[in-house]
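Visitor: In the numbering used here, the protein residues as written are 50 to 396. Just so you know, even glycine gets a beta-carbon here, dropped at the ideal spot from N, CA and C. Submitted below is the structure of interest, expressed as structure tokens.
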Amino acid sequence: MDSQNEYLYRAATHSKHALITGGAGFIGSHLAEILLKRGYWVTVIDDLSTGRFENIAHLVENPRFKFAIDTIMNEVVMDRLVSECETIYHLAAAVGVRLIVERPVHTIQTNVMGTEAVLRIARRYQAKVMIASTSEVYGKGNHVPFREDDDIVLGPTSRSRWSYAATKMVDEFHGLAYYEKYNLPIVIFRLFNTVGPRQTGQYGMVIPRFVEQALSGIPLTVYADGSQSRCFMHVQDAVDAIISLAESEKTIGKVFNVGSTEEVTILDLARKVIKMINAEDKLPSPNDERIQYIPYEEAYTKGFEDMKRRVPDIQKIQTVIGWRPKKNLDQVLADVIDSLNAQKFTK
Ligand code: UDP
50 MDSQNEYLYR AATHSKHALI TGGAGFIGSH LAEILLKRGY WVTVIDDLST GRFENIAHLV
110 ENPRFKFAID TIMNEVVMDR LVSECETIYH LAAAVGVRLI VERPVHTIQT NVMGTEAVLR
170 IARRYQAKVM IASTSEVYGK GNHVPFREDD DIVLGPTSRS RWSYAATKMV DEFHGLAYYE
230 KYNLPIVIFR LFNTVGPRQT GQYGMVIPRF VEQALSGIPL TVYADGSQSR CFMHVQDAVD
290 AIISLAESEK TIGKVFNVGS TEEVTILDLA RKVIKMINAE DKLPSPNDER IQYIPYEEAY
350 TKGFEDMKRR VPDIQKIQTV IGWRPKKNLD QVLADVIDSL NAQKFTK
């Protein structure tokens, strides 16, 4: 069978065929790559709003890969693509705190209406839907680690940051409602801070920003006093978790945290990045001139509210599918530094 016919045959049988919405994005492109390596057929749909074609350019020669540059709101295209697949990995969304603060209308519409379209079309073909959610849904909770069944407290609607969490909560409710009402197989995964090669600092993400700043010899922009903390997971660990959640029958209709539990303050992160890039013996002092402190109002908007700590409880995913992250923060940073260094020299 030639590859085109084989493609059509596989599409008709649906088996091991994944559709990734937002597949040209940072996480989606890694997911596509690993699924292909594991023998899946993969279709990507992405409108390239924040995704980049370069992220998937190395996959286009693979006969089991195809892509559509289009929005998931295009019903005709989506119907066709969903009809061919067994599982939809729904990652298309407006992401990144900076983008959300700057483009609130776009965020709300993309996240809520996009997921509505995916669920509605998936129901026609009973395709499994893996819904990407976010640790942002834990809002202002300060009782870490966050568990999937924790109560949620968000800030007021006058602070646009919280619109992202609210849209993702609607997506979760919507997915669970389709599961309850129509028996549509859905799984929700709440991604905590995820980093790795191909992530850009353009939308505000802290690690690529710090690494780019340190490589360019400019001060690292620590917001506020840097005492806020996060746990950073390598994108390969995230993708591993997402695929294992999709391959299990025990995860259907459930919500899972996916994240690292190694907590670091943003100030210590900046010090670590400086130390690693300059191969220094000691961490620089918090007063080092290579660190610049910037108030939140200046970095984002007036009245911006940050999350002080964000740590997942990963007991549930560990118990149900036996997943836990393999890479620690030093390995994550080394990988990001290597990839941004390589990019710098190829530019
Ligand atoms: N941050 C920072 N400097 C930057 C970018 C971000 O200090 O140049 C801080 C940000 O305020 C937050 C943390 O780093 O407390 C993580 O930010 P990011 O946007 O990567 O993810 P978030 O956890 O906010 O979704």
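In terms of residue numbering, what span does the beta strand (DSSP E) encompassing Met-179 cover?
Guide: Per DSSP, Met-179 belongs to the beta strand (DSSP E) from 177 to 183.
Visitor: Near Ala-319, which residues of its chain fall below 7 Å by C-beta distance, leaving aside the five closest residues on each side in sequence?
Guide: Answer for Ala-319: Phe-259, Leu-269, Val-271, Gly-275, Ile-340, listed in chain order.
Visitor: Going by C-alpha to C-alpha distance, which of Arg-279, Leu-203, Gln-175, Ala-348 sits closest to Gly-188?
Guide: Here the closest residue by C-alpha is Leu-203.
Visitor: For Pro-153, does the three-state DSSP call read helix, strand or coil?
Guide: Of the three classes helix, strand and coil, the one that applies to Pro-153 here is helix, per DSSP.
Visitor: Please return the same chain residues whose Cβ sits closer than 8 Å to the Cβ of Val-263, not counting the five positions on each side in sequence.
Guide: Checking the sequence shown, residue 263 turns out to be Ala, not Val. Result list for Ala-263: Leu-269, Val-322, Ile-323, Ile-326, Asn-327, Arg-339, in chain order.
Visitor: Under DSSP, the alpha helix (DSSP H) around Ser-309 begins and ends at which residues?
Guide: Run containing Ser-309: none; DSSP gives neither H nor E here.
Visitor: For Phe-114, write down the residues that DSSP places opposite it in a beta bridge.
Guide: Bridge partners of Phe-114: Val-91.
Visitor: At 3 residues or longer, and completely inside the stretch 338 to 381: list those beta strand (DSSP E) runs for me, N to C.
Guide: For the stretch 338 to 381, whole beta strand (DSSP E) runs of length 3 or above, ordered along the chain, are 340 to 343.
Visitor: Quick one: measure Cβ to Cβ for Val-219 and Ile-76, integer angstroms, because I've assumed they're closer than 8 Å.
Guide: That belief does not hold up - the Cβ atoms of Val-219 and Ile-76 are roughly 21 Å apart, past 8 Å.
Visitor: Identify which residue in Phe-222, His-155, Ile-170, Gln-251 has its Cα closest to the Cα of Glu-135.
Guide: Closest by alpha carbon: Ile-170.
Visitor: Do you know offhand how far Asp-96's Cα is from Asn-336's?
Guide: Taking the straight line joining both Cα atoms gives about 43 Å.
Visitor: Using beta-carbon positions only, say whether Asp-379 and Pro-194 come within less than 7 Å of one another.
Guide: Their beta carbons are not under 7 Å apart, which means Asp-379 does not touch Pro-194 by this criterion.
Visitor: Relative to the ligand UDP, is the shortest distance from any of its heavy atoms to the C-beta of Arg-320 smaller than 6 Å?
Guide: No; taking the cut-off as 6 Å, the Cβ of Arg-320 has no heavy atom of the ligand UDP nearer than that.
Visitor: From the DSSP output, in three-state form, read off Val-255 for me.
Guide: Three-state result, Val-255: helix.
Visitor: Just tell me which of Asp-317, Asp-387, Thr-300 has its CA closest to the CA of Ile-180.
Guide: Nearest of Asp-317, Asp-387, Thr-300 to Ile-180, Cα basis: Thr-300.
Visitor: Quick check: does the Cβ of Val-126 come within less than 6 Å of any heavy atom belonging to the ligand ATP?
Guide: No copy of the ligand ATP appears in this structure; the ligands present are the ligand UDP.
Visitor: Looking at Gln-341 and the ligand UDP, is the gap between the Cβ and the nearest heavy atom below 6 Å?
Guide: False, no ligand heavy atom lies under 6 Å from that Cβ.
Visitor: Assuming the contact rule is C-beta atoms closer than 8 Å, Ile-121 and Ala-166 should be a hit. Round their C-beta distance to whole Å, please.
Guide: Indeed they touch by this definition, with Cβ atoms about 6 Å apart.
Visitor: Might you give, ordered along the chain, the residues of its own chain that have their beta carbon closer than 8 Å to the beta carbon of Val-126, omitting 5 neighbours on each side?
Guide: Cβ neighbours of Val-126 beyond the five flanking positions: Ile-94, Ala-117, Asp-119.
Visitor: Just checking my contact of Gly-250 with Val-381 at CB under 8 Å: how many whole Å lie between their CB atoms?
Guide: So it is not a contact: roughly 15 Å between Cβ atoms.
Visitor: Between which residues of its own chain and Gln-158 is the CB-CB distance below 8 Å, once the five residues before and five after are set aside?
Guide: Cβ neighbours of Gln-158 beyond the five flanking positions: none.
Visitor: Buried or exposed for Met-356, please, with buried defined as at least 16 other CB atoms from any protein chain shown within 10 angstroms of its CB.
Guide: Classification of Met-356: buried, given that the 10 Å Cβ count is 16 or more.
Visitor: Less than 6 Å separating the Cβ of Arg-279 from some heavy atom of the ligand UDP?
Guide: Flag set: Cβ of Arg-279 near the ligand UDP.
Visitor: Three-state secondary structure (DSSP) at Phe-241?
Guide: Coil at Phe-241, not helix or strand.
Visitor: Is the distance from the Cβ of Ala-142 to the Cβ of Asn-123 below 7 Å?
Guide: No, the pair does not count as a contact, with Cβ atoms beyond the cut-off.
Visitor: If you reduce the DSSP assignment to three classes, tell me which class Phe-195 lands in.
Guide: Three-state DSSP puts Phe-195 in a strand.
Visitor: Do you know how far the Cα of His-79 is from the Cα of Ser-64?
Guide: Each residue's alpha carbon lies about 21 Å from the other.
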